[in-house]
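Engineer: Here's a structure for you.
2 protein chains.
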Amino acid sequence: MASEVVNRDHHVVIVGGGFDGLATAQGLGNAPGIRVTLVDRRNHHLFQPLLYQVATAVLSPGEVAQPIRSILRKHRRTTVLLGEVRAVDPAGRTVTLTGGGELAYDTLVIATGATHSYFGHPEWAKFAPGLKTLDDARRIRRSVLQAFEDAERALSEEERRRCLTFAIIGGGPTGVEMAGAIAGLARQALVGEFRNIRPEEARVLLIEAGPRILAPFPETLSSYAERALARLGVTVMTGRPVENIDADGVTAAGEVISAATVIWGAGVQASPAGRWLGVETDRAGRVRVEPDLAVEGLAHVYVLGDASLLAGEDRRPLPGLAQVAQQQGEYLGRALRGQILRAETPPPFKFRNRGNLAVIGRKAAVVQWDSVQLKGFPAFAFWAVAHVYLLVGFQNRLIVSLRWLWAYLTKRRGSRIIPESSS
Amino acid sequence: MASEVVNRDHHVVIVGGGFDGLATAQGLGNAPGIRVTLVDRRNHHLFQPLLYQVATAVLSPGEVAQPIRSILRKHRRTTVLLGEVRAVDPAGRTVTLTGGGELAYDTLVIATGATHSYFGHPEWAKFAPGLKTLDDARRIRRSVLQAFEDAERALSEEERRRCLTFAIIGGGPTGVEMAGAIAGLARQALVGEFRNIRPEEARVLLIEAGPRILAPFPETLSSYAERALARLGVTVMTGRPVENIDADGVTAAGEVISAATVIWGAGVQASPAGRWLGVETDRAGRVRVEPDLAVEGLAHVYVLGDASLLAGEDRRPLPGLAQVAQQQGEYLGRALRGQILRAETPPPFKFRNRGNLAVIGRKAAVVQWDSVQLKGFPAFAFWAVAHVYLLVGFQNRLIVSLRWLWAYLTKRRGSRIIPESSS
Numbered sequence: 001m002a003s004e005v006v007n008r009d010h011h012v013v014i015v016g017g018g019f020d021g022l023a024t025a026q027g028l029g030n031a032p033g034i035r036v037t038l039v040d041r042r043n044h045h046l047f048q049p050l051l052y053q054v055a056t057a058v059l060s061p062g063e064v065a066q067p068i069r070s071i072l073r074k075h076r077r078t079t080v081l082l083g084e085v086r087a088v089d090p091a092g093r094t095v096t097l098t099g100g101g102e103l104a105y106d107t108l109v110i111a112t113g114a115t116h117s118y119f120g121h122p123e124w125a126k127f128a129p130g131l132k133t134l135d136d137a138r139r140i141r142r143s144v145l146q147a148f149e150d151a152e153r154a155l156s157e158e159e160r161r162r163c164l165t166f167a168i169i170g171g172g173p174t175g176v177e178m179a180g181a182i183a184g185l186a187r188q189a190l191v192g193e194f195r196n197i198r199p200e201e202a203r204v205l206l207i208e209a210g211p212r213i214l215a216p217f218p219e220t221l222s223s224y225a226e227r228a229l230a231r232l233g234v235t236v237m238t239g240r241p242v243e244n245i246d247a248d249g250v251t252a253a254g255e256v257i258s259a260a261t262v263i264w265g266a267g268v269q270a271s272p273a274g275r276w277l278g279v280e281t282d283r284a285g286r287v288r289v290e291p292d293l294a295v296e297g298l299a300h301v302y303v304l305g306d307a308s309l310l311a312g313e314d315r316r317p318l319p320g321l322a323q324v325a326q327q328q329g330e331y332l333g334r335a336l337r338g339q340i341l342r343a344e345t346p347p348p349f350k351f352r353n354r355g356n357l358a359v360i361g362r363k364a365a366v367v368q369w370d371s372v373q374l375k376g377f378p379a380f381a382f383w384a385v386a387h388v389y390l391l392v393g394f395q396n397r398l399i400v401s402l403r404w405l406w407a408y409l410t411k412r413r414g415s416r417i418i419p420e421s422s423s
Numbered sequence: 001m002a003s004e005v006v007n008r009d010h011h012v013v014i015v016g017g018g019f020d021g022l023a024t025a026q027g028l029g030n031a032p033g034i035r036v037t038l039v040d041r042r043n044h045h046l047f048q049p050l051l052y053q054v055a056t057a058v059l060s061p062g063e064v065a066q067p068i069r070s071i072l073r074k075h076r077r078t079t080v081l082l083g084e085v086r087a088v089d090p091a092g093r094t095v096t097l098t099g100g101g102e103l104a105y106d107t108l109v110i111a112t113g114a115t116h117s118y119f120g121h122p123e124w125a126k127f128a129p130g131l132k133t134l135d136d137a138r139r140i141r142r143s144v145l146q147a148f149e150d151a152e153r154a155l156s157e158e159e160r161r162r163c164l165t166f167a168i169i170g171g172g173p174t175g176v177e178m179a180g181a182i183a184g185l186a187r188q189a190l191v192g193e194f195r196n197i198r199p200e201e202a203r204v205l206l207i208e209a210g211p212r213i214l215a216p217f218p219e220t221l222s223s224y225a226e227r228a229l230a231r232l233g234v235t236v237m238t239g240r241p242v243e244n245i246d247a248d249g250v251t252a253a254g255e256v257i258s259a260a261t262v263i264w265g266a267g268v269q270a271s272p273a274g275r276w277l278g279v280e281t282d283r284a285g286r287v288r289v290e291p292d293l294a295v296e297g298l299a300h301v302y303v304l305g306d307a308s309l310l311a312g313e314d315r316r317p318l319p320g321l322a323q324v325a326q327q328q329g330e331y332l333g334r335a336l337r338g339q340i341l342r343a344e345t346p347p348p349f350k351f352r353n354r355g356n357l358a359v360i361g362r363k364a365a366v367v368q369w370d371s372v373q374l375k376g377f378p379a380f381a382f383w384a385v386a387h388v389y390l391l392v393g394f395q396n397r398l399i400v401s402l403r404w405l406w407a408y409l410t411k412r413r414g415s416r417i418i419p420e421s422s423s
């Protein structure tokens with residue numbers, strides 16, 4: 001790029017504009033002597049905690065995303081590039097982009113997150129989309145809404161029943177949120193709009209291999225969540241490992257379930273950072289990092305967020321949560337700044353647990369923060385306020401608040417367009 | 001469908017949920033003795049007059065569209081089907097849908113609108129998308145925003161210039177609106193967000209074959225629009241028929257213009273209604289109808305809106321405008337009701353011109369209504385209020401008003417996400 005030749009500032013290249021990459025860029029700020037290039041293959045930062053609401057027609061895609069270059073507009077020393085990384089050369093300190101262009105770095109930060117993992121069954125991806133990107137959310141929304149349309153036109157009772165069966169795999173927060181939101185769509189938002197079917201008769205199944213849903217939460221909250229889901233009309237099926245997924249539906253613990261819509265919320269796999277760097281990873285593809293987030297044995301390379309593996313104070317790996325990514329980004333921005341400008345040695349990264357939340361549906365959620373446990377409406381209200389507050393962009397905050405207020409009062413949904421294109 | 005066998009009510013099948021089809025269904029209402037089936041290949045009614053704002057990142061797709069079955073929810077005798085018509089049999093009075101299903105009708109209403117026409121050059125469609133559907137708008141938005149991203153990464157000055165050249169073909173209202181909105185994006189909304197380019201240096205060309213833009217308006221308003229566009233930074237090129245469009249750009253009146261983004265706003269072609277019915281059409285594919293919108297020589301079949309050809313009081317064909325389609329729908333709903341329930345003969349359809357509007361950009365528009373002419377800010381304000389009022393859905397009205405207020409105050413845009421999928 002044009003400025004490459006003359007500029008002698010320390011160049012930090014950040015790959016990925018999620019919570020971790022963005023916080024790193026913001027932490028580095030506008031410090032003289034440092035210039036930053038942030039590369040992402042999407043033009044937007046995505047607020048993943050609300051993605052399930054896009055998939056279930058509550059919010060529009062643009063309301064949970066913000067252009068990265070717009071967020072970093074005031075950072076005059078930061079260049080944002082829309083592009084995909086093809087290769088990294090840690091020895092020559094360069095990053096090569098797909099379609100041409102090479103970036104020489106002094107420090108490299110990899111914040112590329114994670115994607116779905118189908119436990120060795122990549123062929124399931126076609127039938128059971130996961131929920132990581134806006135395109136995933138659009139695809140799920142399309143298939144959920146289309147299922148009701150197909151049911152209205154179905155020529156046999158059997159086909160109608162298949163269209164109105166929704167199977168969600170995985171009883172973690174994503175699976176619970178999706179199941180609750182689809183049940184709400186069927187039992188409230190769509191009621192009265194069809195003439196040949198009753199959408200409230202849809203079957204929503206939450207299929208979990210382990211003995212209980214929301215395993216990271218205390219048992220009392222798990223069983224509350226099960227009861228709350230049952231009230232919303234979700235059938236919770238625990239202890240049912242999935243054995244097969246195909247065009248007809250799901251096979252779990254030997255039972256064949258005919259379902260037009262199957263959604264994957266079970267496993268994740270870290271991005272190809274390990275492959276780019278030529279370093280070893282754990283089974284989930286995560287790169288092992290030091291307490292300062294540097295990659296062992298590689299100079300000037302840092303990996304953080306879902307792409308990295310670091311043990312917490314309890315010696316167990318830190319979970320793949322937005323708050324971990326966010327805190328690591330804030331830490332790394334500050335740490336690199338001190339290191340580059342003042343040659344300071346940073347203290348090790350320390351994760352501060354800000355609490356676990358999962359929303360189940362209208363008026364129902366669970367919150368756990370140290371010894372504090374909330375459930376029901378108080379947890380739901382806390383969740384809603386926290387998420388509006390955390391959204392990026394004033395306009396999005398206002399519009400999301402309005403949509404929620406409207407949805408809460410009318411029980412209807414504002415974003416129910418089925419795009420024609422097949423994505 | 002299930003109710004087919006037992007129901008002896010008069011069955012009206014409406015194909016298309018645009019302004020015309022929807023107004024027909026609403027006019028038929030809930031009258032006992034009539035049941036209605038509305039078929040559309042999209043699940044939403046689209047407010048086309050604001051589609052250019054989706055294409056230029058002001059509004060989100062969902063904000064100019066509303067699910068048809070949601071609009072007609074209270075019409076208990078109306079069934080909405082998401083489906084595509086494969087064939088019509090006027091003798092046997094049936095409509096066959098793609099993917100199975102047949103509808104027997106007593107009265108058939110075809111309101112399938114129009115699509116782009118490339119004047120015998122269908123190969124141009126690939127390089128120069130038109131603006132008729134939400135998918136078109138998404139595609140154009142994607143290519144406009146991507147052009148700025150590609151310019152930021154361009155490796156040569158020539159390539160940068162090509163990326164920053166936007167050619168809009170056709171100086172009608174759509175072309176004028178698109179050109180003004182893209183110029184506003186470049187000169188205001190994106191300013192300060194790039195490091196290697198200055199988006200305000202983008203060239204926006206409006207290419208028109210005829211001697212002036214906005215030909216249906218009086219000459220004074222045309223020349224005002226030209227001046228207003230020039231102030232916004234648009235280069236208006238009249239008297240330049242387009243001779244070729246390919247991956248490199250446009251050739252117009254012998255001049256080769258290298259442009260990464262070409263947008264088609266020139267010609268339209270009616271939908272395949274004529275082919276379905278086996279009747280003759282004019283060159284633009286429109287079906288000739290009687291003053292009561294019935295197809296000549298075919299019993300119980302009506303065509304209206306952009307798919308139809310009917311002369312107005314001045315003996316010239318009525319133009320393909322939303323207000324014509326809307327008024328014809330309202331007329332036909334009422335007329336069919338009287339005819340079916342009370343065997344009334346309807347009076348001929350009479351178009352009442354409600355005025356012509358075209359918006360040019362921030363604070364600039366033209367309005368013509370009989371002898372009344374408005375331009376500048378008053379026309380802009382009138383346009384904005386009229387369009388919010390005409391939008392379907394309270395939530396959309398509120399959100400569009402908020403987005404406009406925000407865009408007007410900050411000069412920024414709220415819907416700038418580039419989707420990954422290639423549509």
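As you go down the protein sequences, you meet chains Y and A in turn.
Residue numbering for the first sequence follows full-length UniProt numbering, starting at 1 and increasing by one per position.
Residue numbering for the second sequence follows full-length UniProt numbering, starting at 1 and increasing by one per position.
Cβ atoms here follow ideal geometry from the backbone N, Cα and C, with glycine treated the same way.
Any Cβ of chain A within less than 8 Å of the Cβ of Lys411(Y)?
Structural biologist: Stepping through the first sequence from its first residue, residue 411(Y) is reached at position 411. Not one chain A Cβ lies under 8 Å of Lys411(Y).
Engineer: For the region 70-91 of chain Y, which residues have a CB atom closer than 7 Å to at least one CB atom of chain A, in sequence order?
Structural biologist: Residues Ser70, Arg73, Thr79, Leu81, Leu82, Gly83.
Engineer: According to the neighbour-count rule (16 or more other Cβ atoms, all chains shown, within 10 Å of its Cβ), is Ser422(Y) buried or exposed?
Structural biologist: Taking the first sequence and counting its residues from 1, the one referred to as residue 422(Y) is at position 422. In this prediction, Ser422(Y) scores a pLDDT of 48, lower than 50, which makes its location untrustworthy; no coordinate-derived value is stated.
Engineer: Looking at Ala25(Y) and the ligand FAD, is the gap between the Cβ and the nearest heavy atom below 7 Å?
Structural biologist: Although the ligand FAD was asked about, the structure shown includes no ligands whatsoever.
Engineer: Mind checking the region 34-52 of chain A against chain Y and listing, in chain order, the residues whose C-beta falls within less than 7 Å of any C-beta there?
Structural biologist: Arg42, Asn43, His44
Engineer: Please report the straight-line C-alpha distance between Ser156(Y) and Arg73(A), rounded to a whole angstrom.
Structural biologist: One-based indexing of the first sequence puts residue 156(Y) at position 156. One-based indexing of the second sequence puts residue 73(A) at position 73. Taking the CA atoms as reference points, Ser156(Y) sits about 24 Å from Arg73(A).
Engineer: Glu313(A) touches chain Y at which residues, Cβ-Cβ below 9 Å?
Structural biologist: Position 313 of the second sequence, counting from 1, holds the residue named residue 313(A). None at all; the shortest Cβ gap to chain Y is about 38 Å.
Engineer: Go to Leu398(Y), then tell me how far its alpha helix (DSSP H) extends in each direction, as first and last residue.
Structural biologist: Taking the first residue of the first sequence as position 1, residue 398(Y) is located at position 398. Leu398(Y) -> alpha helix (DSSP H) spans 394-410.
Engineer: What does DSSP give as the partner residue(s) for Met237(Y) in the beta ladder?
Structural biologist: Within the first sequence, residue 237(Y) is the residue found at index 237, counting from 1. Ile207(Y).
Engineer: List the whole-angstrom C-beta distance separating Ala128(A) from Val234(A), where the pair is believed to meet the contact cut-off of C-beta under 8 Å.
Structural biologist: Residue numbering aside, residue 128(A) sits at position 128 when the second sequence is read from its first letter. Residue numbering aside, residue 234(A) sits at position 234 when the second sequence is read from its first letter. Actually they are not in contact, since the Cβ atoms of Ala128(A) and Val234(A) sit about 17 Å apart, beyond 8 Å.
Engineer: Counting only beta-carbon atoms, is Ala65(Y) nearer than 8 Å to chain A?
Structural biologist: As a working note, residue 65(Y) is residue 65 in the first sequence. It does: the Cβ of Ala65(Y) has a partner Cβ on chain A nearer than 8 Å.
Engineer: Go ahead and label Glu4(A) buried or exposed: buried means 16 or more other beta carbons lie within 10 angstroms of its beta carbon, across all protein chains shown.
Structural biologist: Counted from its first residue, the second sequence places residue 4(A) at position 4. For Glu4(A), the pLDDT reaches just 48, beneath the cut-off of 50, and the residue's location in the model is therefore unreliable, although a value from the coordinates is still provided. So Glu4(A) ends up on the exposed side.
Engineer: Nearest by alpha-carbon distance to Tyr408(Y): which of Ala181(Y), Met237(Y), Leu103(Y) is it?
Structural biologist: What you label residue 408(Y) is simply residue 408 of the first sequence in a count that begins at 1. That would be Ala181(Y), whose Cα lies nearest to the Cα of Tyr408(Y).
Engineer: Exposed or buried, what is Trp276(Y) when buried is set at 16 or more other beta-carbons lying within 10 Å of its beta-carbon?
Structural biologist: As a first step, residue 276(Y) is located in the first sequence; it is residue number 276 there, counting from the start. Buried, since its Cβ has 16 or more Cβ neighbours within 10 Å.
Engineer: If you reduce the DSSP assignment to three classes, tell me which class residue 424(Y) lands in.
Structural biologist: Within the shown structure, residues of chain Y are numbered from 1 to 423, placing residue 424(Y) beyond reach of any answer.
Engineer: With a threshold of 7 Å on Cβ separation, who are the neighbours of Phe351(Y) within its own chain once the five nearest residues in sequence on each side are excluded?
Structural biologist: Position 351 of the first sequence, counted from the first residue, corresponds to residue 351(Y). The answer, listed in chain order, is Gly312, Leu318, Val324, Gln327.
Engineer: Along the region 12-32 of chain Y, what residues have a CB closer than 8 Å to any CB found in chain A?
Structural biologist: none
Engineer: Given this structure, state the Cα-to-Cα distance separating Pro67(A) from His45(A), to the nearest angstrom.
Structural biologist: As a first step, residue 67(A) is located in the second sequence; it is residue number 67 there, counting from the start. As a first step, residue 45(A) is located in the second sequence; it is residue number 45 there, counting from the start. Cα to Cα, the separation comes out at about 6 Å.
Engineer: Check the C-beta distance from Val109(Y) over to Ile257(Y) and give it rounded, since I have them as a contact under 8 Å.
Structural biologist: The residue labelled residue 109(Y) in the question sits at position 109 within the first sequence. The residue labelled residue 257(Y) in the question sits at position 257 within the first sequence. In fact, because the Cβ distance is near 44 Å, the residues do not count as touching under 8 Å.
Engineer: Determine, using beta carbons only, whether Glu296(A) comes closer than 8 Å to chain Y.
Structural biologist: By 1-based counting over the second sequence, the position of residue 296(A) is 296. Cβ-Cβ to chain Y under 8 Å: no for Glu296(A).
Engineer: Please report the straight-line C-alpha distance between Leu336(A) and Leu28(A), rounded to a whole angstrom.
Structural biologist: Residue mapping note: residue 336(A) aligns to position 336 of the second sequence, counting from 1. Residue mapping note: residue 28(A) aligns to position 28 of the second sequence, counting from 1. Going from the Cα of Leu336(A) to the Cα of Leu28(A) covers about 7 Å.
Engineer: What are the residues of the region 370-395 of chain Y that lie near chain A, defined by any Cβ-Cβ distance shorter than 9 Å?
Structural biologist: Look at the region 370-395 of chain Y: the residues with a C-beta under 9 Å from a C-beta of chain A are Gly393, Phe394, Gln395.
Engineer: Per DSSP, what are the beta-bridge partners of Lys375(A) in this structure?
Structural biologist: Your numbering for residue 375(A) matches position 375 in the second sequence. BP columns for Lys375(A) point to Val366(A).
Engineer: What three-state label does DSSP hand His10(A) in the structure shown?
Structural biologist: Walking along the second sequence from the start, residue 10(A) turns up at place 10. His10(A): strand per DSSP, three-state reduction.
Engineer: For Ala294(Y), which residues does DSSP report across the bridge?
Structural biologist: In the first sequence, the residue the question calls residue 294(Y) occupies position 294. Looking at the DSSP assignment, Ala294(Y) forms a beta bridge with Tyr302(Y).
Engineer: Answer yes if the region 226-240 of chain Y comes into contact with the region 198-210 of chain Y, meaning at least three C-beta pairs across the two stretches below 8 Å, and no otherwise.
Structural biologist: yes
Engineer: Compare the C-beta of Pro61(Y) with all C-beta atoms of chain A and state if any pair is closer than 8 Å.
Structural biologist: For this step, residue 61(Y) is matched to residue 61 along the first sequence. At least one chain A Cβ lies under 8 Å of Pro61(Y).
Engineer: Whose Cβ in chain A lies nearer than 9 Å to the Cβ of Glu193(Y)?
Structural biologist: Taking the first residue of the first sequence as position 1, residue 193(Y) is located at position 193. Simply Pro67, Arg69, Ser70, Leu72, Arg73, Val80.
Engineer: Is Asp89(Y) helix, strand or coil by DSSP?
Structural biologist: Counted from its first residue, the first sequence places residue 89(Y) at position 89. Annotated three-state conformation of Asp89(Y) is strand, per DSSP.
Engineer: Using 10 angstroms around the beta-carbon of Ala379(A), count the other beta-carbons present and answer buried if the total reaches 16, otherwise exposed.
Structural biologist: Position 379 of the second sequence holds residue 379(A). Around the beta carbon of Ala379(A), 16 or more other beta carbons lie within 10 angstroms, which makes this residue buried.
Engineer: Using a Cβ-Cβ distance cut-off of 8 Å, determine whether Arg416(Y) contacts chain A.
Structural biologist: By 1-based counting over the first sequence, the position of residue 416(Y) is 416. At least one chain A Cβ lies under 8 Å of Arg416(Y).
Engineer: Mind the definition here: the region 78-87 of chain Y touches the region 28-44 of chain Y only if three or more C-beta pairs lie below 8 Å; say whether that holds.
Structural biologist: yes
Engineer: Would you give the residue range spanned by the beta strand (DSSP E) that Arg35(A) belongs to?
Structural biologist: For the purposes of this step, residue 35(A) is identified with residue 35 of the second sequence, where counting begins at 1. That run of the beta strand (DSSP E) goes 34-40.
Engineer: Per DSSP, Ser308(A) forms a beta bridge with which residues?
Structural biologist: As a working mapping, residue 308(A) is identified with position 308 in the second sequence. Bridge partners of Ser308(A): Val287(A).
Engineer: Return the CA-CA distance between Thr174(A) and Leu357(A), expressed in angstroms with no decimal places.
Structural biologist: Residue mapping note: residue 174(A) aligns to position 174 of the second sequence, counting from 1. Residue mapping note: residue 357(A) aligns to position 357 of the second sequence, counting from 1. Separation of Thr174(A) and Leu357(A) (C-alpha to C-alpha, rounded to the nearest whole angstrom) is 11 Å.
Engineer: Taking buried to mean at least 16 other C-beta atoms within 10 Å of its own C-beta, is Gly170(A) buried or exposed?
Structural biologist: As a first step, residue 170(A) must be located in the second sequence, where it is residue number 170. Classification for Gly170(A): buried.
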